[in-house]
Amino acid sequence: MVSTTMETLSVRTENKFRTLITKQTYKKGEVICVMPSENIMDKPNRFTVQIAKDKHTHVGKLAALNHSCDPNVILDTENMLMIARRDIEKGEELSFFYPSTEWEMQAPFICLCGATNCIHVVAGARFLPLSTLETQYLSKHIREQMIDLLNNTKQHLKKIQSK
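For the sequence shown, this note's numbering begins at 8 and goes up steadily by one.
What follows is the structure in structure tokens.
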């Protein structure tokens, strides 16, 4: 039986820096836990995850999930689940690709993950090239906003060309 509670996760704090650690192993595709969704708001903050175009939810213990350009978990915001992106060992730090859920970050930052595909500045999906985004799992609302941005660009180009 797969546990979908946060009991299998612990928050480690070192020098005021929080990380989310797993207390057990997970296989690729396995559900790790259900994402909290009780406290939904229309504005983001450092402790929320974007779950729709104008909806953000406080995620409790999951707020300790750090960013990685080569993450080991996916946040499925349609089904509100955290899923293993690859096999994960007991005691491993969990991380996800922030632009997979965040269109525009409230507090952008410099990425120091060291991955070969590092994006260097984490500001949200809006600021990344499609070639970077197409290599990552993206939430439905991020894919929809990308399509809107592309359509608006096409319309803007048509207006410029007709002048």
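C-beta: ideal position from N, C-alpha, C; glycine also.
- When GLU109, LYS97 and LEU137 are compared, the shortest CA-CA separation from LEU27 is found for LYS97.
- When DSSP states are grouped into helix, strand and coil, GLN168 belongs to the helix group.
- Taking C-alpha positions only, MET42 is separated from PHE103 by approximately 13 Å.
- DSSP places GLN152 within a helical segment (H, G or I) once states are collapsed to three.
- Note that the C-beta distance between ILE81 and GLU37 is not below 8 Å.
- Selection LEU88, LYS23, SER75 and CYS76 evaluated against VAL66 yields LEU88 as nearest (Cα-Cα).
- With contacts defined as CB atoms closer than 8 Å, CYS118 and CYS76 qualify as a contacting pair.
- Between LEU16 and LYS34, the C-beta gap is not smaller than 8 Å, which leaves the two residues out of contact.
- Ranked by Cα distance from LEU135, the first of MET153, ALA122, ARG92 and SER146 is MET153.
- Counting only runs of 3+ residues, the beta strand (DSSP E) found wholly inside the stretch 35 to 59 occupies 38 to 41 and 55 to 59, in chain order.
- Collapsing the DSSP output to three states places ALA122 in coil.
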